[in-house]
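Chemist: First the structure, then my questions, so here it is.
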Amino acid sequence: NRLYLGFRTPATANTAKILSVKVTELFKPGDQPATTEPEVLTLTLGPNTGIRDLAALDDGRLLVLSGPADSAAGAYVLHLLTPANGKYRPLVELQTDARGEKKNRGGREIPKAEAIAVLEQTREAVTLLVMYDNIDDGGPRRHRINLPTD
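FYI, our numbering numbers position 81 of the sequence shown as 119, with every residue one higher than the one before it.
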C-alpha cells in the first residue's frame, strides 16, 4: 500500500533517504494535491553512499541496495529494512568477478551493482537478479542471500 523511493543523492552526513507515500494518495482521482505528508526514512550508510535500488519482500520488509552516490569507488551492500519500525541491517556486500570489455585507464572497469529484482523468496533466503553497470549487457548475476528471521 506504499510506494518507496530511494535517493542516491544527496548523500550528506553519512545518510541516505527513502521517501514513502501512500499509493492511494498518490493515485487518487482528481487534480487536488495530496493531503497527507510523505514519510522519510533516514539510513546511516556511510560517507558518499546512496541508495541504488529497492526491492520488496513478501513480509513487508525491503531490500536496499546501497553504493557510491557518484562515480567514486566503494562497496555495494545489500541491507534489510523493516519500514514499520525503521530498523535496518547490512546483509552482504555484492561482488562479482565479471568485468566489461570497456577499457578504463589501462584496465577493465569495475562492476557496479545498479539494480535488484527478487526471483524467489523463502522464509530463510532470497534469490536475486542483480544487474551490474560496466559489465557487457548489464551483467545479470544470480545471488542467493540468507535472510535473518528475527
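For every residue, glycine included, the Cβ atom is placed at its ideal position computed from N, Cα and C.
#1: Alpha carbon to alpha carbon, how far is E63 from T47? Give it in angstroms, no decimals.
#2: For the region 55–91, list the alpha helix (DSSP H) runs that are entirely contained and at least 4 residues long, ordered along the chain.
#3: Which class does D174 belong to by DSSP, given the choice of helix, strand or coil?
#4: Comparing C-alpha positions only, which one of N172, L41, P186, L43 sits nearest to H117?
#5: Alpha carbon to alpha carbon, what distance is there between D69 and A155?
#6: Report the partner residues of I183 according to the DSSP bridge assignment.
#7: Please classify L132: does DSSP put it in a helix, a strand, or coil?
#8: Terminal residues of the continuous beta strand (DSSP E) containing R99?
#9: Do you know offhand how far K150's Cα is from I173's?
#10: So, R90 versus A49, is the Cβ gap smaller than 9 Å?
Modeler: Concretely, from the data shown:
#1: 25 Å
#2: 61–64
#3: helix
#4: P186
#5: 33 Å
#6: V164
#7: coil
#8: Where R99 is concerned, there is no enclosing beta strand (DSSP E), given that its DSSP letter is neither H nor E.
#9: Using only the alpha carbons, I get a separation of about 8 Å.
#10: no
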